[in-house]
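For any residue, its number in this note's numbering is found by taking its place in the sequence shown, counting from 1, and adding 321.
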Amino acid sequence: MDGWEKFNRYAIWMVKVAYINLLWIFFTIAGLGLFGLFPSTGAMFTIVQKWLRKEPVEKIFQTFWQTYKKEFVSLNKFGLFFILIGYVLVYDFLFLQMNGAKLQWFYPVIGFIAVSYLLVLVYFFPVYTQFEMKFFQYLKQSFLLGAGSFLETILIVTAFMLLTIIIRFVPGIIPLFTGSVMAVVITYCSNRALHRIKGQRKIINTGL
322 MDGWEKFNRY
332 AIWMVKVAYI
342 NLLWIFFTIA
352 GLGLFGLFPS
362 TGAMFTIVQK
372 WLRKEPVEKI
382 FQTFWQTYKK
392 EFVSLNKFGL
402 FFILIGYVLV
412 YDFLFLQMNG
422 AKLQWFYPVI
432 GFIAVSYLLV
442 LVYFFPVYTQ
452 FEMKFFQYLK
462 QSFLLGAGSF
472 LETILIVTAF
482 MLLTIIIRFV
492 PGIIPLFTGS
502 VMAVVITYCS
512 NRALHRIKGQ
522 RKIINTGL
């Protein structure tokens, strides 16, 4: 019976993860893709954060929709920022490919900026869903969290690669287990990193 309860618990968890993935896709499309992506992703991470903290989420759709509406404008501002920076980085890489011989010294600079950009993007939503900050403070804290979480970042990259391989062989899981699975992995790893950092600060403050 204990084994059955365990299986049942995991089955319910997987159904919930699949459900928020469907909501994520639906609300992204409902926001015309570009304007729906960041609010929808923010709503998904909010629910995942509650789950991992074992906070009750009785009505998933209602919680998702309320978060989506509440954060729509704010998260679209961040979305615009990330899209513009991403566009500039892609343009710079293409420009360097055409003029690589003259600007070889610039590759490490662009590479560093690109890695920093990806770190901020990966850790942004866990930071956004946990803290109240000003615009650039979110970006700064996301970068600092990512830069100080090497192991967690490796785990996230590994999970992404495994998910990509699985999708190649089982593309049917795309509507059910893509964004939501990565949201769970990223949130879990971010919480683990934050817990470790808080523990280190506590040790320093107590003088141990």
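Even glycine gets a Cβ: it sits at the ideal position worked out from N, Cα and C. Quick caveat, the model's predicted, so the values are computed rather than measured.
Look up residue i in the DSSP assignment and say whether it is helix, strand or coil.
| i | result |
| --- | --- |
| VAL491 | coil |
| GLY407 | helix |
| LYS530 | Since the first and last residues shown for the chain are 322 and 529, residue 530 lies out of range. |
| PHE498 | coil |
| GLY354 | coil |
| PHE452 | coil |
| LYS398 | helix |
| VAL478 | helix |
With 16 other CB atoms within 10 Å as the buried threshold, where does residue i fall?
| i | result |
| --- | --- |
| MET419 | exposed |
| TRP426 | exposed |
| TRP345 | buried |
| ILE368 | buried |
| TYR449 | buried |
| VAL491 | exposed |
Let's see if you can read the secondary structure: which residues bound the alpha helix (DSSP H) around residue i?
| i | result |
| --- | --- |
| LYS391 | 381-391 |
| SER463 | 456-468 |
| LEU373 | 358-373 |
| LEU439 | 427-449 |
Could you check if residue i belongs to the surroundings of the ligand MG, using beta carbon to heavy atom distance under 7 Å?
| i | result |
| --- | --- |
| PRO447 | Summarising the ligand content, the structure contains no ligands, and the ligand MG is consequently not present. |
Below 8 Å on the Cβ atoms is my guess for residue i versus residue j; work out the distance and round it to an integer in Å.
| i | j | result |
| --- | --- | --- |
| ILE431 | LEU410 | 7 Å |
| GLY443 | ILE507 | First, the residue type needs correcting, since residue 443 is Val and not Gly in the sequence shown. About 6 Å separates the two Cβ atoms, so the contact holds. |
| LEU396 | LEU466 | Rounded, the Cβ-Cβ distance is 18 Å, inconsistent with contact. |
| VAL378 | PHE498 | No, VAL378 and PHE498 are not in contact; Cβ-Cβ is about 19 Å, not under 8 Å. |
| GLY500 | MET335 | GLY500 to MET335, Cβ: 15 Å. No contact. |
| PHE446 | GLY357 | Between GLY357 and PHE446 the Cβ distance is about 15 Å, and since that is not below 8 Å, they are no contact. |
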